[in-house]
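This report refers to the structure that appears directly beneath it.
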Amino acid sequence: MPAYSYSANSQHLLEKFSTLIDLLRYRALHQADQTSFTFLPDGETEVASLTYQELDRQARAIAAQLQLLEATGSRALLLYPFSATLEFIAALFGCFYAGVVAVPTHVPRPNQSSRLQGFVVDAQVTLVLTTTSAIANLDPGNTQNPQLAALRWLATDNITSSLAESWQEPMVSSDTLAYLQYTSGSTGKPKGVMVSHGNTLHNSAMIYQFFGHTSNSRGAIWLPLYHDMGLIGGVLQPIYGGFSVILIPPGALLQKPVRWLQAISRYQATTSGGPNFAYEVACQRITPEQRANLDLSSWEVAFNGAEPVRAETLERFTATFEPCGFRREAFYPCYGMAETTSFLCGGVKTAAPIIQHVDRAALEQNRVAIATQSQAGIRRLVACGQIGLDQKIAIVDPESLTQCPADRVGEIWVSSPSVGKGYWNRPEQTEQAFNAYLADSDEGPFLRTGDLGFLLNGELFITGRLKDMMIVWGRNHYPQNIELTVEQSHPALRPSAGAAFALEVNGEEQLVVAQEVERSYLRKLNVEQVIEAIRQAIAEQHMVEVYAVLLLRTGSIPKTSSGKIQRQTCRICFLERSLDIVGEWQHHQVNQSSALKLLIDSES
5 MPAYSYSANS QHLLEKFSTL IDLLRYRALH QADQTSFTFL PDGETEVASL TYQELDRQAR
65 AIAAQLQLLE ATGSRALLLY PFSATLEFIA ALFGCFYAGV VAVPTHVPRP NQSSRLQGFV
125 VDAQVTLVLT TTSAIANLDP GNTQNPQLAA LRWLATDNIT SSLAESWQEP MVSSDTLAYL
185 QYTSGSTGKP KGVMVSHGNT LHNSAMIYQF FGHTSNSRGA IWLPLYHDMG LIGGVLQPIY
245 GGFSVILIPP GALLQKPVRW LQAISRYQAT TSGGPNFAYE VACQRITPEQ RANLDLSSWE
305 VAFNGAEPVR AETLERFTAT FEPCGFRREA FYPCYGMAET TSFLCGGVKT AAPIIQHVDR
365 AALEQNRVAI ATQSQAGIRR LVACGQIGLD QKIAIVDPES LTQCPADRVG EIWVSSPSVG
425 KGYWNRPEQT EQAFNAYLAD SDEGPFLRTG DLGFLLNGEL FITGRLKDMM IVWGRNHYPQ
485 NIELTVEQSH PALRPSAGAA FALEVNGEEQ LVVAQEVERS YLRKLNVEQV IEAIRQAIAE
545 QHMVEVYAVL LLRTGSIPKT SSGKIQRQTC RICFLERSLD IVGEWQHHQV NQSSALKLLI
605 DSES
């Protein structure tokens, strides 16, 4: 199978550093006055920036304070509002410099601290790093959560810079745990992936090579920095490559999507991106008048990952923004996850995305049958690229644990130096997910990704998620296929805002669909007409009858922090009747309380 090898420069960088401390100290010595990060808190106005020397000094001061607190070896929760993005970065490296395991997260909304409390308990956190204003707003002394109140809270913006001189470099190696990256929880309870300094440096080397970065590259990142894509792509990759990045809070993009592309245009960024939904939002909400002032000709890598990449989105975005200088070849579909640090594989930087047509009916039987664009009943899949030479991907039958033939869909297993050390304090789940061996050859260990896909001409294609796949009327159905059918069935339905999931009714799997309505249609919504369009489209394209259809208020469907639809959460909310429904249709009433009990019992 074809695979990427590292360039001489990339290999040189990877061999130069053994820890993230080495990395930043090198930049602070050799590029002291170069701006590493520029922050636009409203997505438009420059307010603050950091040079490599300033970041190194702040990190050393924070680390020295942590060393005074004898925190080395402990876990620290990084709890920073988006307005304190640069403080978050300094605290992150302060943890690295002190040998403290960082646990990145975000300030919870009012009355939504249960997830935060879960992190504290699971990670056995002993202290919280944050800002003075965040402590005042959160008021940890008066919180009703005893776990949070018992922690030591440290405002890093109050630490004097002179402490940097008393910093002592800790005993840290490439195998030392750097941080816990909590998974987004799209299919289950969040788990803390143990990521080492070596994992992070290897992943950074891959991104540097695959994205074709140089010291002249420029980034524009709006992704949340506590999430693996934002953390690696927005913080660690620019430092690894020695180039500058513009940082925008996620809320600034969601409020006014043009800010994202304006930043690329204004700063002539070469690398930027996000999940598929970000490109859809840009197409929907950036007006022709706003597009007229954009220059996207500098954009070389428009990465698209973290959720299924849709061919229709690539085409729509290209058609919309080509007049602004955007090139189709800039699109960069890629694949990865928190368990692989972030990035796993990607395509050729200068090539257009590869779109493969396959027979939909064959795919539902886990077979790969190549089709032509003119055939009926096809599915268009976007390739996620190839892997590096020091990695291996196997397509495996999830039941027999044997390698699949080339024309079969199976679970994606991966072996890579970027794969984390396992899940924090979860030995059984770590053994199951991170230490898999092929039954027929005893080859391993592999990480079981839980994703389904196949390899074709060295390119990886993702077809679905193992836990989300539904078997209705004896056929496999991938939820994203049905969700795409639903959103295209009527103009009142919002793209990338639907969930398809299965529910057992009287011993049989039944299909349920929950779908957001576009805000402009809420007041004039013809519920009966929209639901009939959904049912008909599903019947025609998937040959299955839907059991229930729920039309939801705009912006209400459960999603992860990275924008992934939480299908299992939708399923539970359906049973609890807690979704924000504006219209619905259902075949029969199910005993929801007993069904919910069975569901929770089976997944606990």
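For my numbering, add 4 to where a residue sits in the sequence shown, where the first one is 1.
Positions of the beta carbon are idealized from the N, C-alpha and C atoms, including for glycine.
Keep in mind the model is a prediction, meaning the values are calculated, not measured.
- Within the DSSP bridge table, the entry for Tyr-183 names Ala-106, Val-199 as partners.
- Taking the C-beta atoms as reference points, Phe-578 is found no nearer than 9 Å to Leu-555.
- The Cβ atoms of Leu-120 and Thr-109 lie closer than 9 Å to each other.
- Cβ contact annotation for Ala-496 (same chain, cutoff 7 Å, sequence separation greater than five): Val-521, Glu-522, Tyr-525, Leu-529, Val-534, in chain order.
- Straight-line measurement puts the Cα of Asn-370 at about 49 Å from the Cα of Pro-150.
- DSSP, read as helix, strand or coil, puts Gly-457 in strand.
- Inter-segment contact for the region 354-366 and the region 375-387 is present: three or more beta-carbon pairs are separated by less than 8 Å.
- For Asp-363, the enclosing beta strand (DSSP E) starts and ends at 359-363.
- Taking the C-beta atoms as reference points, Trp-303 is found no nearer than 9 Å to Ala-256.
- Fewer than three pairs of CB atoms, one per stretch, sit closer than 8 Å, so the region 80-99 makes no contact with the region 288-304.
- Closest in C-alpha terms to Pro-337, from the list Lys-353, Ala-323, Thr-274, Ala-375, comes Lys-353.
- Beta-bridge pairing by DSSP links Leu-298 to no other residue.
- Here Leu-229 carries a coil assignment [DSSP, helix/strand/coil].
- According to the DSSP assignment, Gln-38 belongs to no beta strand (DSSP E), since it is labelled neither H nor E.
- Under the criterion of beta carbons closer than 8 Å, Ile-542 and His-494 do not qualify as touching, at roughly 12 Å.
- The beta carbons of Leu-367 and Tyr-482 sit closer together than 9 Å.
- Within the model, the alpha-carbon separation for Asn-141 versus Val-418 is close to 43 Å.
- Distance from the CA atom of Gly-309 to the CA atom of Pro-279, rounded to whole angstroms, is 5 Å.
- Within the same chain, Leu-28, Ala-32 come within 6 Å of Asp-60 by CB-CB distance, once the 5 residues on both sides are set aside.
- Under the criterion of beta carbons closer than 8 Å, Gln-407 and Val-413 do not qualify as touching, at roughly 13 Å.
- Looking at the DSSP output, His-481 bridges to Met-474.
- Take Val-124, set aside five residues on each side of it, and the residues of its chain with a beta-carbon closer than 6 Å to its own are Gln-151, in chain order.
- Rounded to the nearest whole angstrom, the CA to CA distance from Glu-491 to Glu-588 is 16 Å.
- Cα atoms of Ala-63 and Leu-73: separation of roughly 15 Å, rounded to the nearest angstrom.
- Non-local C-beta neighbours of Gln-395 in its own chain, meaning closer than 6 Å and more than five positions away in sequence, comprise Ser-420, ordered along the chain.
- If you draw a straight line from the Cα of Gln-572 to the Cα of Asp-472, it is about 8 Å long.
- Excluding sequence positions up to five before and after Trp-171, its CB lies within less than 6 Å of the CB of Arg-64, Ala-67, Ala-68, all in the same chain and listed in chain order.
- For the set Met-547, Ile-236, Ile-252, the Cα lying nearest the Cα of Thr-42 is the one of Ile-252.
- If you check the CB distance, Cys-574 and Ala-506 do not come in under 9 Å.
- When C-alpha distances from Ala-410 are compared across Ala-323, Ala-373, Val-197, Gln-540, the shortest belongs to Ala-373.
- Boundaries of the beta strand (DSSP E) harbouring Tyr-336: 335-340, taken from the DSSP string.
- Here DSSP, grouped into helix, strand and coil, assigns Tyr-441 to coil.
- Under the DSSP definition of a beta bridge, Trp-417 partners with Ala-398, Arg-452.
- Contact between Arg-222 and Ala-273 is confirmed by a C-beta separation of about 5 Å, below the 8 Å threshold.
- Where Cys-349 is concerned, the enclosing beta strand (DSSP E) starts and stops at 347-350.
- Partner residues in the beta bridge of Trp-157, as assigned by DSSP, are Val-132.
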